[in-house]
Amino acid sequence: MKKFNIRKVLDGLTAASSSSSSATSHSGTPRENDVIQETLQSEHFQLCKTVRHGFPYQPSSMAFDPVQKILAIGTQTGALRLFGRAGVECYCQHESGSAVIQLQFLVNEGALVSALADDSIHLWNLRQKIPAILHSLKFNRERITYCHLPFQSKWLYIGTERGNIHIVNVESFTLSGYVIMWNKAIELSTKTHPGPVVHISDNPMDEGKLLIGFECGVVVLWDLKCKKADYRYTYDEAIHSVAWHHEGKQFVCSHSDGTLTTWNVRAPAKPAQIITPHGKQPKDGKKPEPCKPILKVEYKTTRAGDPFMVLSGGLSYDTVGRRACLTVMHGKSTAVLEMDYPIVDFLTLCETPYPNDFQEPYAVVVLLEKDLVVIDLGQIGYPIFENPYPLTIHESPVTCCEYFADCPAELIPALYSVGSRQKRQGYSKKEWPISGGNWGQGTQSYPEIIITGHADGSIKFWDASALMLQVLYKLKTAKVFERARSKEEKPSTEIVEEDPFAIQTLSWCPESRMLCVAGVSAHIIVYRFSKQEITTETVQLLEVRMQCEFSDGDSPDPGGEQTPTLPTPGASSSPQESEPPTQPSTGSNSCDGPRDNIPCLKVRSSPLKQSPGYQVELVIQLVWVSGEPPQPITGLAINSSYGLVVFGNSNGLAVVDYLQKTLLLNMGTSELYSPSDPYQRQPRSPRKQRQPSGAACDTNDGSNTSEDRCKSPTSDAKDNSFIRSRSSSVTSIDRESREAISSFHFCESFPRKMDSLVSPCVLVGTTQGTVMMVALSLPPGGDQRLQQPVGISSCGTLVSLKGGILTMALLDATGTLLPPAYESWYDPNASDEDKEKNRRRRPASPPSSQEGQDSQFAVLCSEKQAKVVAMPSQTRIYKHNITESSFVLRADVVQMAGANCIACFCANGHIMTLSLPSLRPLLDVNYLPLTDMRIARTFCFSNLGQALYLTSPTEIQRITYSQETCDNLQEMLSELFTPVETPEAPNRGFFKGLFGGGAQSLDREDLFGETASGKASRSLAQHIPGPGGMEGMKGAASGVVGDLARARIALDERGQKLGELDERTAAMMASADSFSKHAHDMMLKYKDKKWYQL
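Heads up: the sequence shown runs through residues 159 to 1252, numbered per our numbering.
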């Protein structure tokens, strides 16, 4: 195996044009580095999308295959999402991006027709794991408004805006010469155009009769053979939909005035019945008041009882503000089911795919703007089915996202066990009816967890293993705070008008299960995981006053005074900024003047019942300083081994001991640059310097006394070191250029240059590209850890990079990643014996460095470049300029194929990986230009070549940059199509067969084929062969595995037919042999006899 410093020269040549790598020699360093061998090569990397989870964004249409039990949903952006049983889902996209206006399955054929708003229709092959388009047809002169594909037919009817109907052969995707022109369909005496075609369907009992609905209210029953209209039905209200009774003698129309008209086929003069389901019936027998349009109606019959009529819309106009409803009419009962969002479409699921049999409806699938609901028609009260798909990602908007691959194996069962108690009751007891497809046979078995933070303060944990997604557990962080019941009750200290509990960032330690979240109201909550329920009488609260120094003339007082800050422009949206109101009760007792020492949110004072799962350990709140709101949290990290939380913003950083519930350090960013203690003292726990209420402060500034009287009771003496400054003004230039803390990394390293012993440290990165080291001095474990303070000292600057620091990590001398120390999980509410049994202390420190040798490498990545620094000499070993013209949005040090690398996502859409420690470019793909800040906010990499981002407000897109995963993707993906026997056609019965009363079939080939109807106009539509066509199957996205699978299915089907043919042939041969034998015997018997002897 070659050593990386030679490979770096070779591989670096390809990237020389866009980026540069350089090595800096240091005495003893190259010799030390030569022992590190890198295994990652460019061939280990390939980028591709894997799966998309979540609710289809902006849905527009829906279809269901009643035999395959597959649901298809089209969207306004041309996306197609297919769903089967739990875990079976697929995403594909029309290239044009036009809205999908209608979908039609070729039932049990493994194919789907989509009609788009750009007047194109497409045939999708669903028999391969990644569906592909086989054919497309683009209409040039007419706009498509409605499509209908009869069951077991290859002829697709297409209605247009001009009122004409064209017919397409879905096998060849060619137009038939047979056209139904609007002027032939309507009365010749009609002077106005009937409008677009809004409905097409054939009579369930006679395929030769086509029912055509025009928008104006005219319905025509067209005789396909005779090419003329049999009947015309006219109503003076616009039509939205039409539905047949299965016997073909009646149909129902829904209208724009909220009425349903029922028509007898042979009585076109007037409707047999007119009802207004939601109209108020006047007593004097007049026509009921008009209602909102009934957008869709379905009419389904049952063998044993009354038919079902299901409709959307039709509510009376006086129901202003009422939510969208689905109405189910069954016999004399009418149920109105309120939905959470507007209804896009609905479908009634029936036992039979045949339209001429009793339908036996059992469920209704309702597609809403932001949800998918399935209603059980077989149970009283119409309960909904429990949805197995991960469609609730957007229940509250996602504000942050983290991805953890290869987690501890016991994590998912633990989260599931506490999350299963949160499930709603009252669901239907039946199985989920959309049950088609098969799971993929993936080889990936490692646990994966996705954590999403939301605008309402909730946090969701998802099981993302094996390309699936299932919610495990939901945590509501807002329960910790008092909620304002009305707008008037909202505290004036809030710094955001909407979503004050929104999650901004989070830090999670999978091994210890410690969770720390930061919200937009400058609040931080520390959680522990417990399997036992507890009631917390008083939530532990720590208030921190963060401020920093701008002027050299304003030096800090010996007591620890620090200069207050002003908010960054745009950081605050509070309307009360210009006019500070009187102090609310959360702040000082009777203090006039600007708000001070007041947190943005009020922590609840009543006891908090905490269910098993994540339970509040400590709440940290930043307070207002001299009338200025606290700055947003920009960096956050928690370490379970040290018992510390560190966080920072544009004012500086703070370190909190969550075991002792004390503030250890609160320091301005500028003061971190000096390796000496800025106050010539060890930072000490405020708990040690608490004083009785009203006592004088240890400070030289006497102006503090009035402020002391105004302090919140909870702020106590911990604020004594952080007093309001004499100067509170700053120029706008200072505000713009203020350096903020951007990232942290806990590690065990060499705090100072040429140290020989490692000790606990925190690497601190800033938005100006500086990396600083802060040393930690931890007391011994056990009771001493809870009593003695943690010592902290700043060790000055380690290195500087261009752009803000994004991620930091530590490697040992062999190039192996050194993860932060952690404490294994134990239940905080268990008995002391159990705690000690499960509690394992942090790992022992790595061996110390020998004199003159570097034993660690610090990996540092910013928005512009990456550097590797040898420790403890602090010598830069490698540097790589990632991008000059753009900037990196997200970078993570990840494990991949048994080694480590840096994965980066740039604002220009490039995804890159760099080897470690030599920073060789391994992958650079122009994947996705940044079109939305949502992508930048949610993009994250994880171990083993996995990554994800929010591709829309409702959907997570997962991608892989691993060649191995790309190679195995076909096996891992689920199958949509499974060979299923089509149910037998309904029995016509003896008398119907005798007298011809059953369903009438039609040879459409004779009518629509080229010999009978001629060729269609070439200028009407253009045929486009798709990439999924058999001609280009080798290059299709399905790949070789898909070809083999398709060939295998075709061979199976052909083999089955050949087998049946063989059996029939064998039977005929046996019969022929028998006949031949009998004939030969007969010949011998009469061979020698004369004709008269016979």
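Don't be surprised by glycine CBs; every beta carbon is placed ideally from N, CA and C.
Check whether residue i and residue j have beta carbons under 7 Å apart
i, j, result
"Gly366", "Leu379", "no"
"Leu205", "Tyr1107", "no"
"Leu794", "Ser616", "no"
"Met1054", "Gly1103", "yes"
"Cys135", "Val556", "Any answer about residue 135 is impossible in this case: the structure gives the chain only from 159 up to 1252."
"Ser808", "Gln789", "yes"
"Tyr561", "Ile608", "yes"
"Ser900", "Thr792", "yes"
"Asp1082", "Thr965", "no"
"Pro668", "Leu817", "no"
"Val598", "Leu1134", "Correcting the residue type first, residue 598 is Gly in the shown sequence and not Val. Going by C-beta atoms, Gly598 is not nearer than 7 Å to Leu1134."
"Ser1020", "Leu959", "yes"
"Gln1014", "Leu968", "yes"
"Gln946", "Pro937", "yes"
"Pro546", "Ala244", "yes"
"Val932", "Val920", "yes"
"Cys1059", "Leu1074", "yes"
"Gln216", "Gln199", "no"
"Pro354", "Glu319", "yes"
Buried/exposed call for residue i, threshold 16 Cβ in 10 Å
i, result
"Asp754", "buried"
"Glu652", "buried"
"Asp415", "buried"
"Gly1056", "exposed"
"Glu606", "buried"
"Asn361", "buried"
"Gln1180", "exposed"
"Pro1145", "Checking the sequence shown, residue 1145 turns out to be Asn, not Pro. So Asn1145 counts as exposed."
"Asn824", "buried"
"Met363", "buried"
"Ala290", "buried"
"Thr1140", "exposed"
"Ala1028", "buried"
"Tyr336", "buried"
"Lys112", "Since the displayed the chain opens at 159 and closes at 1252, residue 112 lies outside it and no answer follows."
"Asp1161", "exposed"
Straight-line gap, residue i to residue j (C-alpha atoms, nearest Å)
i, j, result
"Gln439", "Leu418", "15 Å"
"Asp815", "Glu695", "21 Å"
"Ile1035", "Asn1066", "28 Å"
"His488", "Asp464", "6 Å"
"Ala676", "Val328", "55 Å"
"Leu821", "Ala898", "20 Å"
"Lys160", "Asn1084", "Its pLDDT being 38, under 50, Lys160 is placed unreliably in this model, and the coordinates cannot settle the point."
"Gly973", "Thr197", "11 Å"
"Asn1101", "Ser907", "23 Å"
"Gly1184", "His324", "21 Å"
"Met626", "Thr208", "11 Å"
"Asp985", "Phe687", "7 Å"
"Ser952", "Lys819", "22 Å"
"Glu349", "Pro511", "Strictly speaking, residue 349 in this sequence is Lys, with Glu absent from that position. Cα to Cα, Lys349 sits roughly 40 Å from Pro511."
"Gln1128", "Met704", "53 Å"
"Val783", "Cys758", "11 Å"
Supposed contact pair residue j and residue i - C-beta distance, whole angstroms, cut 8 Å
i, j, result
"Leu270", "Gly236", "About 14 Å; that fails the 8 Å criterion."
"Val638", "Arg762", "6 Å"
"Leu526", "Val494", "Not a contact, Cβ separation roughly 16 Å."
"His202", "Gln1121", "5 Å"
| query | Do three or more CB pairs link the stretch 627–634 to the stretch 255–264 at distances below 8 Å? | reply | no
| field | Three-pair Cβ contact test at 8 Å for the stretch 571–578 versus the stretch 218–229 | value | Using a C-beta cut-off of 8 Å, the stretch 571–578 makes no contact with the stretch 218–229, since fewer than three inter-stretch Cβ pairs fall below that distance.
| Should the stretch 399–415 be regarded as contacting the stretch 367–377, the criterion being three or more beta carbon pairs within less than 8 Å? | When C-beta atoms of the stretch 399–415 are compared with those of the stretch 367–377, three or more pairs fall below 8 Å, so the two segments count as touching.
| request: May I ask you to verify whether the stretch 250–257 touches the stretch 1160–1174, counting CB pairs closer than 8 Å and requiring at least 3? | output: no
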